[in-house]
Amino acid sequence: MSRATASRLRVRKPRPEEDATSADRPNLGQLIMYSYGFRRLPDSMREWVANDLAGPGAVKRFMLKAAIPPFFLLAPFWLLPVENNSVYVHAEMTVPLYLWTLAISLALNKVWRRHRLAVHGLDPNLVDVVKRQKNARVEEDYIARFGPRPQEAEHQKNSNPFF
1 MSRATASRLR VRKPRPEEDA TSADRPNLGQ LIMYSYGFRR LPDSMREWVA NDLAGPGAVK
61 RFMLKAAIPP FFLLAPFWLL PVENNSVYVH AEMTVPLYLW TLAISLALNK VWRRHRLAVH
121 GLDPNLVDVV KRQKNARVEE DYIARFGPRP QEAEHQKNSN PFF
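Next up, the structure:
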């Protein structure tokens with residue numbers, strides 16, 4: 001084997017900064033499978049999963065992910081022949097369905113994110129962490145004015161509709 005062939009067959013050693021990110025962040029295939037619920041990411045990526053599902057911008061990311069599949073499912077309707085190639089008719093066929101899927105996705109986003117956190121072995125109540133951080137000052141004001149919440153009201157702290 002020539003020296004040129006041997007150099008082409010050598011495996012490139014990853015740089016130290018690449019090692020950390022590759023283990024902590026999914027590649028494109030993993031990201032697609034994870035985003036649509038087909039696969040669970042490895043435990044080494046739990047921190048990334050927690051940030052993706054419960055960190056700042058989680059609802060925006062979820063809605064962007066939810067907007068892609070119905071777009072591709074409804075796109076073929078724009079290829080159907082209609083009289084005078086009217087955009088109005090195509091829009092009547094697809095826009096209501098698309099908006100409905102987005103509305104349902106928005107309504108169920110917290111439920112779906114809780115489920116994904118549980119699938120990855122994380123606490124489903126992480127979904128409300130950002131909200132709790134934003135409302136921490138209000139909570140402190142409430143406690144200062146009225147005292148701590150009674151024990152029987154503790155179950156109302158959780159926004160989970162199933163518990």
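In terms of our numbering, the sequence shown opens at residue 1 and continues consecutively. We put the beta carbon where it would ideally sit given N, CA and C, even for glycine.
Using a Cβ distance threshold of 9 Å, Leu108 and Pro70 do not count as a contacting pair. Bounds of the alpha helix (DSSP H) holding Glu140 are 136-146. Counting only runs of 3 or more residues that sit fully inside the segment 17-76, no beta strand (DSSP E) segment turns up.
Across the set Arg113, Arg40, Leu74, Gly29, the C-alpha of Leu74 shows the shortest separation from the C-alpha of Trp100.
Secondary structure note for Ala118: its alpha helix (DSSP H) is the uninterrupted segment 87-119. DSSP places Leu80 outside both helix and strand once states are collapsed to three, so it counts as coil. Taking Val119 as the centre and dropping the five residues before and after it, the same chain places the C-beta of Arg40 closer than 7 Å to its C-beta, in chain order. In its chain, beyond the 5 residues on either side, Arg39 have a beta carbon closer than 8 Å to the beta carbon of Met33. Contact between the segment 134-146 and the segment 46-63 is absent: fewer than 3 CB-CB pairs across the two stretches fall below 8 Å. Judged by DSSP in its simplified three-state form, Asp123 adopts coil rather than helix or strand. Its Cα nearest to that of Leu97, the residue Phe72 stands out among Asp141, Leu79, Phe72, Val111.
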